[in-house]
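To start, the structure itself, in structure tokens.
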Amino acid sequence: MRVVDEKQNDGAKVSFYKVIQETLSMIRNHDDLRYKRVYKEISLIEHTDLPGIGAYKRGRKVCSVDLENLPALDNEEYVRVVLACTLIHEATHGKICSFFIPYTRSDRARIEGICNRESNAFLSKLDIVWAKDMRSSTDENDLKVTSSFSYKLEKLKDVAKKIMKE
């Protein structure tokens with residue numbers, strides 16, 4: 001797996017390479033199944049400008065992430081957990097693509113629900129109290145409304161506020 005930091009000259013607050021290494025170790029230590037999926041479905045992790053936190057491009061198995069879109073960037077544990085969930089979520093998109101299931105408007109909520117369930121399964125294995133608050137909805141009707149980036153960002157901000165109070 002390759003890691004590329006296209007934002008390294010942007011004065012990033014955290015070392016992307018260090019965060020990726022620690023995040024992959026955390027996934028490996030807590031969830032071997034999802035760790036193997038991340039390695040199988042992602043060949044390149046790139047830190048680049050995105051409108052959201054993560055994106056997956058199946059053609060070359062690229063997972064793009066933008067840490068600058070995370071609230072509470074100063075909290076390393078928070079960043080690692082969100083990044084782990086993002087990698088697992090995006091790798092699940094890759095797994096679904098490997099079954100030749102297209103990402104269509106009519107299947108979007110169902111596919112996002114599957115990806116969210118995988119991230120939630122990983123979160124449930126962590127011994128971190130605030131991680132429970134990060135769990136995404138897996139209800140398809142709920143996802144039609146809540147799969148937007150703005151909703152997810154608000155949820156992350158709420159969790160970040162709780163962390164900062166601890």
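Following full-length UniProt numbering, the numbering of the sequence shown begins with 1 at its first residue and continues without gaps. Think of the CB as a built atom: it goes at the ideal place given N, C-alpha and C, for glycine as much as any other residue.
Does the Cβ of residue i have 16 or more other Cβ atoms within 10 Å, making it buried, or fewer, making it exposed?
{"i": "Ser106", "result": "exposed"}
{"i": "Asn141", "result": "Residue placement at Asn141 is flagged as unreliable, the pLDDT there being 43, under the threshold of 50; the coordinate-derived value follows with that caveat. Exposed: under 16 other Cβ atoms inside 10 Å."}
{"i": "Thr92", "result": "buried"}
{"i": "Ser124", "result": "exposed"}
{"i": "Tyr103", "result": "exposed"}
{"i": "Arg80", "result": "buried"}
{"i": "Glu6", "result": "exposed"}
{"i": "Glu46", "result": "buried"}
{"i": "Ser150", "result": "Low per-residue confidence applies at Ser150: pLDDT is 48, beneath 50, and the placement is therefore not dependable, though the value from the model is reported in the following sentence. Answer is exposed; the Cβ neighbour count stays below 16."}
{"i": "Val82", "result": "buried"}
Residue j and residue i - do their beta-carbons sit closer together than 9 Å?
{"i": "Ile111", "j": "Ile101", "result": "yes"}
{"i": "Ser43", "j": "Arg60", "result": "yes"}
Using CA coordinates, which residue listed in the options is at the minimum distance from residue i?
{"i": "Phe99", "options": "Leu70, Val79, Arg58 and Val81", "result": "Arg58"}
I'd like to confirm the pairing. Which residues does DSSP put opposite residue i in its beta bridges?
{"i": "His47", "result": "Asp5 and Val65"}
{"i": "Tyr56", "result": "Cys63"}
*Give a yes or no on contact between the stretch 56-74 and the stretch 22-32, applying the rule of three or more CB pairs nearer than 8 Å.*
no
*Mind the definition here: the stretch 73-91 touches the stretch 33-42 only if three or more C-beta pairs lie below 8 Å; say whether that holds.*
yes
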